[in-house]
Amino acid sequence: MVNIPITERYYLRSDAHQFIIAIRTDIDNTAKENWTELQAKGKPPHETVYTPHKYPGSIDHALRIIVQLLLRESDAESWEELRGDVARIERKMDAIHDALTPSNMNSRVTTK
1350 MVNIPITERY YLRSDAHQFI IAIRTDIDNT AKENWTELQA KGKPPHETVY TPHKYPGSID
1410 HALRIIVQLL LRESDAESWE ELRGDVARIE RKMDAIHDAL TPSNMNSRVT TK
């Protein structure tokens, strides 16, 4: 099954039936009020959870969704900065697409 980090936060995963965009969350169990009880039950101090976010039908669709998610998280304060973010994100998604797609397929992931 696929389990590929796209960014530190977003992962492309799969099961036997579908692709999954998952959001990684690191949980500090020691900060919970009932940490002593959790510890007694064998809960680790820190754990990572991958929460399913979207179920795209293809890798191309998954990468297009991730482009949109990353753009929504942009800290751009001008059109120039946003254009720079778009170009950077699309380059990364194209590199991932190229690594995951057979060489005879030539479609590209873009926001256009």
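Using this note's numbering, the first residue of the sequence shown is number 1350, and each one after it goes up by one. By construction, the Cβ of each residue, glycine as well, lies at the ideal position given by its N, Cα and C atoms.
Whole runs of the beta strand (DSSP E) within the stretch 1368-1454, excluding any shorter than 3 residues: Entirely contained in the stretch 1368-1454, the beta strand (DSSP E) runs reaching 3 residues are, in chain order, 1368-1377, 1395-1403.
Span separating the alpha-carbon of Tyr1426 from that of Leu1449: Indexing the sequence shown from 1 puts residue 1426 at position 77. Indexing the sequence shown from 1 puts residue 1449 at position 100. Sequence inspection shows Glu at residue 1426; the Tyr mentioned does not correspond to that position. Cα to Cα, the separation comes out at about 33 Å.
Supposed contact pair Arg1373 and Tyr1399 - C-beta distance, whole angstroms, cut 8 Å: As a working note, residue 1399 is residue 50 in the sequence shown. As a working note, residue 1373 is residue 24 in the sequence shown. Correct: roughly 6 Å between the Cβ atoms.
Through-space distance from Lys1392 to Glu1386, alpha-carbon basis: Along the sequence shown, read from residue 1 onward, the residue named residue 1386 stands at position 37. Along the sequence shown, read from residue 1 onward, the residue named residue 1392 stands at position 43. Using only the alpha carbons, I get a separation of about 9 Å.
Test item: CB-CB of His1395 and Ile1370 under 9 Å: Residue mapping note: residue 1395 aligns to position 46 of the sequence shown, counting from 1. Residue mapping note: residue 1370 aligns to position 21 of the sequence shown, counting from 1. The answer is no: Cβ separation not under 9 Å.
Supposed contact pair Met1442 and Leu1462 - C-beta distance, whole angstroms, cut 8 Å: The question about residue 1462 has no answer, for the chain in this structure spans 1350 to 1461.
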